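**Q** Next up is a structure, given as structure tokens.
Residue numbers (our numbering): 5 to 157.
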């Protein structure tokens, strides 16, 4: 089945618009901190969600208008790794939202998967990716629990 690039851009824009709305909602749900400054806790997250939504609207508008995106969509192997990375990140965010797997094991798995997705598949590269994932997760644990005393499940 051939999907026109215009149709693909509209579909991608709708997905990004929904993701932006989801990020906005999650930012609005962040409770105020005990410091409670005038600049609220979730405003930066809401700003990112709003920016993503606005850019998605521009993508949809450009696709509907028929700008520079005319033509047929063909598979480009260069897009496979960024798509894999974005999918892993989306799964990590969904996991954090619904709490399916505890934070530290899921963070280690995400770092490992992204390192594999962006790197080689040689045994040495897999070992380096695993070591980097464990080291980064241990560093996050130290910073969150020992320095800032944040309790993450």
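Positions of the beta carbon are idealized from the N, C-alpha and C atoms, including for glycine.
All of these numbers come straight from a predicted model, not from anything done at the bench.
1. Ordered along the chain, which non-local residues of its own chain (more than five positions away) have a Cβ less than 8 Å from that of residue 130?
2. Under the rule that 16 or more other beta-carbon atoms within 10 Å means buried, what is residue 51, buried or exposed?
3. Pick out whichever of 100, 94, 65 and 138 has its Cα sitting closest to the Cα of residue 112.
4. So, using beta-carbon positions, are residue 20 and residue 56 closer together than 8 Å?
5. Cα separation between residue 110 and residue 132?
6. Less than 8 Å between the beta carbons of residue 159 and residue 46, yes or no?
7. Measure the Cβ-Cβ separation of residue 60 and residue 11 and say whether it is below 8 Å.
8. Hey, would you say residue 102 sits closer than 8 Å to residue 114, going by beta carbons?
9. Drop a sphere of 10 angstroms on the beta-carbon of residue 171, count the other beta-carbons inside from all chains shown, and report buried for 16 or more, exposed for fewer.
10. Consult DSSP for residue 20 and reduce its assignment to one of helix, strand or coil.
11. What is the residue span of the alpha helix (DSSP H) that residue 53 lies within?
12. Any idea what DSSP makes of residue 104, helix, strand or coil?
13. To the nearest angstrom, how far is it from the Cα of residue 117 to the Cα of residue 150?
**A** A quick look at the data gives this:
1. If we look at residue 130 and ignore the five residues flanking it on each side, its Cβ neighbours are 120.
2. Under this definition residue 51 is an exposed residue.
3. Comparing alpha-carbon positions, the option among 100, 94, 65 and 138 lying closest to residue 112 turns out to be 138.
4. Going by C-beta atoms, residue 20 is nearer than 8 Å to residue 56.
5. Their backbone Cα atoms lie some 18 Å apart in a straight line.
6. Residue 159 lies beyond the residue range present for the chain, which begins at 5 and ends at 157; the question has no answer from this structure.
7. When the beta-carbon positions are compared, residue 60 and residue 11 stay at least 8 Å from each other.
8. No.
9. Here the chain has residues from 5 to 157 only, and residue 171 is not among them.
10. Residue state, collapsed to three classes: helix.
11. Looking at the DSSP string, the run of the alpha helix (DSSP H) that includes residue 53 is 47-69.
12. For residue 104, the secondary structure class from DSSP, reduced to helix, strand or coil, is coil.
13. Looking at the two C-alpha atoms, the distance is approximately 26 Å.
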